[in-house]
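*Asks:* Below you will find the structure I want to go over with you.
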Amino acid sequence: MNDAQELGTAFTDRVLIRPRQSPDLVDLVNSVCQLVGRRLPYDDARTIDIGTDAEHLIFVILDGLGSQMLAEYAPSDSWLNTHMRESIISVFPSTTPVALTSLSTGLPPAIHGINGWWTWLDAIENPVTVFHNEVALNKASLFESMPALTELYDWDPILPLSNRDNLCFLPDNLIRSTYSDHAFFGVERIGFQSFDELPTILPESIKSKTRPTYSYVYTANPDTLAHRDGPGATVSDSIAQIDQVMHSLVTQLTAKHLNFKIIVTADHGHLAIDEHLTLEPDSYLMSYLDSPPFGDMRMHYWVCNPAVSNEFIEEFKNQYGDKFYLLRTQEALDMNLFGDSNPKAEILSRFGDFVSIAKGATALRYGGYPGQESFLRMKSHHSGLTADEMLVPLILCEN
Numbered sequence: 184m185n186d187a188q189e190l191g192t193a194f195t196d197r198v199l200i201r202p203r204q205s206p207d208l209v210d211l212v213n214s215v216c217q218l219v220g221r222r223l224p225y226d227d228a229r230t231i232d233i234g235t236d237a238e239h240l241i242f243v244i245l246d247g248l249g250s251q252m253l254a255e256y257a258p259s260d261s262w263l264n265t266h267m268r269e270s271i272i273s274v275f276p277s278t279t280p281v282a283l284t285s286l287s288t289g290l291p292p293a294i295h296g297i298n299g300w301w302t303w304l305d306a307i308e309n310p311v312t313v314f315h316n317e318v319a320l321n322k323a324s325l326f327e328s329m330p331a332l333t334e335l336y337d338w339d340p341i342l343p344l345s346n347r348d349n350l351c352f353l354p355d356n357l358i359r360s361t362y363s364d365h366a367f368f369g370v371e372r373i374g375f376q377s378f379d380e381l382p383t384i385l386p387e388s389i390k391s392k393t394r395p396t397y398s399y400v401y402t403a404n405p406d407t408l409a410h411r412d413g414p415g416a417t418v419s420d421s422i423a424q425i426d427q428v429m430h431s432l433v434t435q436l437t438a439k440h441l442n443f444k445i446i447v448t449a450d451h452g453h454l455a456i457d458e459h460l461t462l463e464p465d466s467y468l469m470s471y472l473d474s475p476p477f478g479d480m481r482m483h484y485w486v487c488n489p490a491v492s493n494e495f496i497e498e499f500k501n502q503y504g505d506k507f508y509l510l511r512t513q514e515a516l517d518m519n520l521f522g523d524s525n526p527k528a529e530i531l532s533r534f535g536d537f538v539s540i541a542k543g544a545t546a547l548r549y550g551g552y553p554g555q556e557s558f559l560r561m562k563s564h565h566s567g568l569t570a571d572e573m574l575v576p577l578i579l580c581e582n
């Protein structure tokens with residue numbers, strides 16, 4: 184079997200999770216749009232039964248809290264587990280810029296075009312670090328190239344919803360980021376230093392509104408802690424804190440006699456890494472490439488010189504064939520790995536010529552990108568197709 188066939192077998196055997204095989208984050212966002220009477224952003228979305236509308240809709244994203252992590256580190260009688268409806272699937276790659284853009288647009292990565300921590304831009308013919316708005320290789324600001332910024336943010340957010348007052352609750356350091364300015368343009372943004380503040384600031388904010396509200400809430404934990412410490416006591420403590428915050432939020436909303444529905448999910452899960460590999464800039468493999476690999480740590484896009492593509496395949500398999508599948512990009516698209524088999528023509532270059540996907544618990548990073556030391560310290564990663572990374576909770580609570 185070739186690698187595409189082996190990957191298909193891994194899907195069939197449930198060793199890995201096939202994107203779009205069951206309801207996912209794209210379907211969830213489209214279901215919320217249907218609930219509030221907004222046109223569905225994605226024609227091929229499947230709707231999820233999330234119940235009836237409420238005067239105050241609250242959509243909460245807990246970064247990195249996959250279903251497997253929740254099951255392992257939260258007690259069965261916790262607020263999160265008590266209100267968990269089911270597991271749904273993240274998008275692929277299962278990483279924050281990709282998933283948050285799907286949650287902001289209701290579209291799969293193949294359509295919105297943000298397809299990795301590092302994404303290729305034609306305007307500068309280089310990968311960029313999405314959230315940092317920087318060229319990946321040298322950290323040059325994209326504000327020096329407005330065509331590149333325009334290309335990076337060539338997607339339409341679903342907010343604000345026209346029939347509601349829209350609010351966004353984010354950590355203070357994200358309130359005025361370039362990404363937030365685009366995703367939440369025209370939305371009232373409220374910052375917090377600690378997630379513990381949410382039960383106070385959110386009910387007070389929505390109670391003052393005269394129209395129905397839609398609140399978008401994001402917290403960076405447990406993701407930040409999982410990267411740093413790996414799954415364990417620190418992550419368990421973070422989940423316990425989140426659980427208490429959500430319980431207190433419901434208590435405060437109820438005390439103020441507000442009619443609400445809370446929808447909680449995550450952008451991705453986490454997988455403890457057993458091996459960190461580095462592709463050095465002077466590696467023989469690089470001689471076959473027209474660009475450093477981009478994407479993320481557990482999946483990558485490769486732009487290859489067409490004249491030596493067979494040699495590239497052979498060398499890749501020699502170095503990494505036991506750790507990663509290698510598919511031609513068209514094979515990956517035909518398998519619908521990025522949520523749609525027909526990307527927009529203007530973003531097709533972002534998927535390179537080849538796609539590599541981790542088989543087990545290995546991470547691989549190009550050593551020429553700044554930040555190599557922090558990569559080697561990280562205990563846990565995501566962006567692959569394991570259940571730990573791809574399954575996220577759908578949690579519902581209403582009064």
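Just so you know, we're using the numbering used here here: the sequence shown kicks off at 184 and counts up by one.
Positions of the beta carbon are idealized from the N, C-alpha and C atoms, including for glycine.
Please list the segments of the beta strand (DSSP E) lying wholly inside the segment 232–304, counting only runs of 3 or more residues, in order along the chain.
*Replies:* 239–245, 267–272, 301–304
*Asks:* If you measure between the beta carbons of Pro292 and Trp303, is that distance less than 7 angstroms?
*Replies:* no
*Asks:* Can you give, in chain order, each stretch of the beta strand (DSSP E) that sits fully within the segment 349–403 and has at least 3 residues?
*Replies:* Those beta strand (DSSP E) runs which fall completely within the segment 349–403 and span 3+ residues are 371–375, 396–402.
*Asks:* Have a look at Cys216, Leu283, Ile307 and flag the residue whose alpha-carbon is nearest the alpha-carbon of Ser363.
*Replies:* Leu283
*Asks:* Is the beta carbon of His451 closer than 7 angstroms to that of Ser277?
*Replies:* yes
*Asks:* Under a Cβ-count criterion, where at least 16 other Cβ atoms within 10 Å of its own Cβ denotes burial, should Gln251 be classed as buried or exposed?
*Replies:* The residue is buried, with at least 16 neighbouring Cβ atoms inside 10 Å.
*Asks:* Using the three-state DSSP reduction, which class does Arg222 fall into: helix, strand or coil?
*Replies:* coil
*Asks:* Take Arg203 as the anchor and find which of Gly289, Val274, Leu263 has the nearest alpha-carbon.
*Replies:* Of the listed residues, the one whose Cα sits closest to Arg203 is Val274.
*Asks:* Quick check: does the Cβ of Ser419 come within less than 6 angstroms of any heavy atom belonging to the ligand ADP?
*Replies:* As for the ligand ADP, it is missing from this structure, which has no ligand bound.
*Asks:* Where do the ends of the alpha helix (DSSP H) carrying His430 lie?
*Replies:* 416–438
*Asks:* Report the option in Ile578, Pro489, Tyr503 whose CA atom is closest to the CA atom of Gly535.
*Replies:* Pro489
*Asks:* Hey, Val538 and Ala515: beta-carbon distance below 7 angstroms or not?
*Replies:* Yes, they are a contact pair.
*Asks:* Which partner residues of Asn309 appear in the DSSP bridge assignment?
*Replies:* Leu304
*Asks:* For the structure I just gave you, are there three or more beta carbon pairs, one from the segment 339–353 and one from the segment 310–330, closer than 8 angstroms?
*Replies:* no
*Asks:* Count the other C-beta atoms from every protein chain shown that fall within 10 angstroms of the C-beta of Lys444, then say buried if there are 16 or more, exposed otherwise.
*Replies:* buried
*Asks:* Grab me the residues of Val428's own chain with a C-beta within less than 7 angstroms of its C-beta, minus the 5 sequence neighbours each way, in chain order.
*Replies:* Within the same chain, Phe378, Asp379, Leu381, Pro382 come within 7 angstroms of Val428 by CB-CB distance, once the 5 residues on both sides are set aside.
*Asks:* Do the segment 553–566 and the segment 396–416 make contact, defined as three or more Cβ pairs closer than 8 angstroms?
*Replies:* Flag = yes, the segment 553–566 and the segment 396–416 touch.
*Asks:* If you follow the beta strand (DSSP E) that Leu516 is part of, which residue opens it and which one closes it?
*Replies:* No beta strand (DSSP E) contains Leu516, which is instead part of the alpha helix (DSSP H) from 512–517.
*Asks:* Which value, in whole angstroms, describes the spacing of the CA atoms of Leu474 and Cys487?
*Replies:* Note on identity: in this sequence residue 474 is Ser, with Leu being the wrong assignment. Those two C-alpha atoms are separated by around 8 angstroms.
*Asks:* Exposed or buried, what is Asn346 when buried is set at 16 or more other beta-carbons lying within 10 Å of its beta-carbon?
*Replies:* exposed
*Asks:* Tell me, to the nearest whole angstrom, how far the beta carbon of His266 is from that of Leu579; I am working on the premise that it is less than 8 angstroms.
*Replies:* Cβ atoms of His266 and Leu579 come within 8 angstroms of each other, at about 6 angstroms.
*Asks:* May I have a chain-ordered list of the beta strand (DSSP E) segments no shorter than 3 residues that lie completely inside the segment 463–512?
*Replies:* 482–485, 507–511
*Asks:* If we ignore side chains and look at the alpha-carbon of each, how far apart do Leu385 and Leu342 end up?
*Replies:* 18 angstroms
*Asks:* By DSSP's criteria, Ser563 is part of a beta bridge. Which residues make up the other side?
*Replies:* Ala455
*Asks:* Just to confirm my understanding: we take Asn519, look at its own chain, exclude 5 residues before and 5 after, and list those with CB closer than 7 angstroms. What are they?
*Replies:* Pro202, Arg203
*Asks:* Would you check if the distance between the CB atom of Val400 and the CB atom of Val243 is smaller than 7 angstroms?
*Replies:* yes
*Asks:* Classify Ala528 as helix, strand or coil using the three-state DSSP reduction.
*Replies:* helix
*Asks:* DSSP on Thr569, reduced to helix/strand/coil?
*Replies:* coil
*Asks:* Assuming Val313 and Leu335 are in contact, meaning their beta carbons sit under 8 angstroms apart, how far apart are those beta carbons, in whole angstroms?
*Replies:* Contact holds; Cβ gap of about 7 angstroms.
*Asks:* Which residue wins for smallest C-alpha separation from Gly299, given the options Met480, Gly554, Tyr549?
*Replies:* Met480
*Asks:* From the DSSP output, which residues share a beta bridge with Thr545?
*Replies:* Its beta-bridge partners are Glu458.
*Asks:* Counting only the same chain and skipping the five closest in sequence on each side, list residues whose C-beta sits under 8 angstroms from that of Leu253.
*Replies:* Leu263, Asn264, Met267, Ile422, Pro576
*Asks:* Provide the residue span of the beta strand (DSSP E) that contains Thr448, from first to last.
*Replies:* 443–448
*Asks:* Less than 7 angstroms between the beta carbons of Ile297 and Ser328, yes or no?
*Replies:* no
*Asks:* Can you give me the C-alpha to C-alpha distance between Ser419 and Ile425, rounded to a whole angstrom?
*Replies:* 10 angstroms
*Asks:* Ends of the alpha helix (DSSP H) at Leu335?
*Replies:* 329–335
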